[in-house]
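First up is the structure itself, then whatever we jot down about it.
Numbering (this note's numbering), first residue to last: 5 to 212.
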């Protein structure tokens with residue numbers, strides 16, 4: 005199937021990461037072979053990914069970790085799936101937040117067994133990359149915060165699940181807004197909080 009630029013561009017990152025089905029990957033490569041503009045976009049995407057992989061990771065404050073731990077609902081019973089059991093439980097319980105995954109390597113060391121370390125590292129790297137992509141987007145917020153009760157309903161119809169967001173922000177960590185993004189190979193609700201001069205991205209997505 006022949007792709008145009010609009011259909012090709014959203015798949016550039018997935019192609020780079022080897023996540024496209026063979027047929028679609030072939031269609032994207034075929035388009036890139038004949039489109040200089042999309043080829044430049046693919047090269048820019050690859051360069052950005054290389055830069056993101058070199059970025060340092062900074063720990064979140066203990067105050068934020070305590071808020072998320074205290075206010076997040078208890079994890080539901082997990083079903084067998086393709087992810088390692090302990091990793092799947094963590095995803096279900098925390099809905100996977102960049103603010104938690106990226107900034108709490110010590111927690112990962114305790115929660116993830118040694119054979120699962122590569123999977124944990126993959127999630128950490130993905131969280132860092134997607135967080136930075138939110139920061140550099142021309143419009144990082146698709147809905148500005150009027151409070152969690154305004155932001156959460158905005159996702160209805162834009163995702164195939166209802167994101168559970170227990171922490172609605174406070175004076176120290178105000179909720180700035182939200183957007184629809186991607187984490188790994190699935191759509192995610194992105195909640196953006198502020199803390200002084202810092203931006204914190206919270207990614208919520210389906211665990212299965």
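C-beta: ideal position from N, C-alpha, C; glycine also. Only a predicted model underlies this, so the values are computations on that prediction, with no experimental measurement involved.
Quiz item: Nearest CA to the CA of residue 175: which residue from 11, 157, 67?
Solution: The residue given as residue 175 occupies position 171 in the chain shown. The closest CA to that of residue 175, considering only 11, 157, 67, is found on 67.
Quiz item: When DSSP labels each residue in this structure, what does residue 172 get in the three-state scheme?
Solution: One-based indexing of the chain shown puts residue 172 at position 168. Here residue 172 sits in coil by DSSP.
Practice problem: Grab me the residues of residue 145's own chain with a C-beta within less than 8 angstroms of its C-beta, minus the 5 sequence neighbours each way, in chain order. | Solution: As a first step, residue 145 must be located in the chain shown, where it is residue number 141. So the list reads 180, 181, 182, 183, 196, once near-sequence residues are dropped.
Exercise. Alpha carbon to alpha carbon, how far is residue 185 from residue 14? Give it in angstroms, no decimals.
Key: Against the chain shown, residue 14 aligns to sequence position 10. Against the chain shown, residue 185 aligns to sequence position 181. Their Cα atoms are separated by approximately 12 angstroms.
Self-check item: Minimum C-alpha distance to residue 191 - residue among 16, 201, 208
Solution: Here residue 191 is taken as the residue at index 187 of the chain shown, counted from 1. Measuring from the Cα of residue 191, the nearest candidate turns out to be 208.
Quiz item: If you draw a straight line from the alpha carbon of residue 22 to that of residue 34, how long is it in whole angstroms?
Solution: Locating residue 22 in the chain shown gives position 18, counting from the first residue. Locating residue 34 in the chain shown gives position 30, counting from the first residue. Residue 22 and residue 34: Cα-Cα distance of roughly 16 angstroms.
Quiz item: What residue range is occupied by the uninterrupted alpha helix (DSSP H) comprising residue 199?
Solution: The residue labelled residue 199 in the question sits at position 195 within the chain shown. Segment 190-199 is the beta strand (DSSP E) holding residue 199; no alpha helix (DSSP H) there.
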